Structures are given as C-alpha cells and as structure tokens.
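Beneath this line is the structure, given in structure tokens, with notes to follow.
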Amino acid sequence: MPLNFSKTFGTKLRGFTSLEENTRTELRKIISSKEDLLAQFEPNAQEGLFSLRLQHWVQAPLLAYRYRKLEKLEENIIGYRNSVKPIQAYCRRLHQIFSWLLLIGITVHIITVTFFANYVADGRPIYWWHIEDWG
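In structure tokens:
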C-alpha cells in the first residue's frame, strides 16, 4: 500500500482505453437504465454527474437500491477497483464503516446522556450542567 494515497488520484488509465463493442453496448444499456431510474426520483439530475445521497435512500429506497445496483454493474464492467492494489481499493470501504460506527456511537452517547442521565450517572449526582435540572 502506498504511503501517500494522493499518488493514485488520476491514475485510472483503464478509463482512457477503448472498450470492445459488446462492452460498449452493455454500458449503454446500463446507462440508459440509470437515466430512466433517475428520471423517476431526481428528474433534473444528469446521470454522469449524479451521486446517491441519504435523502434519496430515505425518499425512494427501492429506486435508490436499483440505481446503486446498476452503478455496481457499471463499476464491474469498467474495472473500477482494478486500477489500484486490492488492499487500497478496500481502504475506502473500511474508512466508511469506521465513520458510520463513530457516528452511531456519538448518537447513542448523546441520547443516553441526554435522556437517560440518571442511568448514566448510576446514582451519583448528574454533573453535566445542561441536564442536571431535568432529573
């Protein structure tokens, strides 16, 4: 794994190579399907610039799932993860998992400290000033 990840940015040479005709046809079908789905839940977006966000998963989870499935098919065809070493390709996913765990942990901490202050204090005085008058 390289010490400096920034050296890999812009090195996806496969993106600049020509594709076989059957691969192009398959990509056209996938992109067309993505555009059809996109028209249903984000009509003003352009397929090439669009990224799924949390609001899409909340508002239209089935459409977002189907769109993501098509994205994965497209990524597999163009060799999305083949331009870097396998361990580096999965570092991003690992980083995302740890980020979600951190957010979940912070959320659980805030909820327990705020709404279950007596439980957290375990019989001791509640010393966090903004909650001590509640309980």
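Residue numbering for the sequence shown follows this note's numbering, starting at 1 and increasing by one per position.
A virtual CB, placed ideally from N, CA and C, is assigned to each residue, including glycine.
The structure displayed is predicted, hence computed values, not measured ones.
Worksheet item: Does DSSP classify Ser52 as helix, strand or coil?
Response: Note on residue identity: the sequence assigns Leu, not Ser, to residue 52. The three-state reading of DSSP puts Leu52 in coil, since its state is none of H, G, I, E or B.
Worksheet item: By the 10 Å Cβ neighbour count, where 16 or more other Cβ atoms means buried, how is Lys85 classified, buried or exposed?
Response: In this structure Lys85 is exposed. Its beta-carbon is surrounded by fewer than 16 other beta-carbon atoms within 10 angstroms.
Practice prompt. Note down, in chain order, each residue of its chain lying with its Cβ closer than 8 Å to the Cβ of Glu42, except the 5 sequence neighbours on either side.
Written response: Excluding residues within five positions, the ones whose Cβ falls inside 8 Å are Phe50 and His56.
Worksheet item: How long is the line joining the alpha carbons of Ile106 and Asn44, rounded to whole angstroms?
Response: Ile106 and Asn44: Cα-Cα distance of roughly 35 Å.
Worksheet entry | Sub-8 Å separation of Leu52 and Arg66 beta-carbons | Cβ atoms of Leu52 and Arg66: not closer than 8 Å.
Fill in: Pick from Ser33, Leu103, Val113 and Tyr119 that is closest to Leu63, judged by C-alpha positions
If we check each option's Cα against that of Leu63, Ser33 comes out closest.
Practice prompt. Would you mind reading off the limits of the alpha helix (DSSP H) that contains Ser99?
Written response: It spans Pro86 to Phe115 - the alpha helix (DSSP H) in which Ser99 sits, taken as one unbroken run.
Worksheet entry | Neighbourhood of Leu37 by C-beta distance below 8 Å, restricted to the same chain and skipping five residues each side | So the qualifying residues of the chain are Leu63, Arg66, Tyr67 and Leu70.
Discussion item. If I follow the unbroken alpha helix (DSSP H) through Ile31, where does it start and stop?
Written reply: First-last of the alpha helix (DSSP H) with Ile31: Glu21 to Phe41.
Fill in: Given Asn76 as reference, the closest of Gly48, Ile30 and Glu47 once Cα atoms are compared
With distances taken between Cα atoms, Asn76 lies closest to Ile30.
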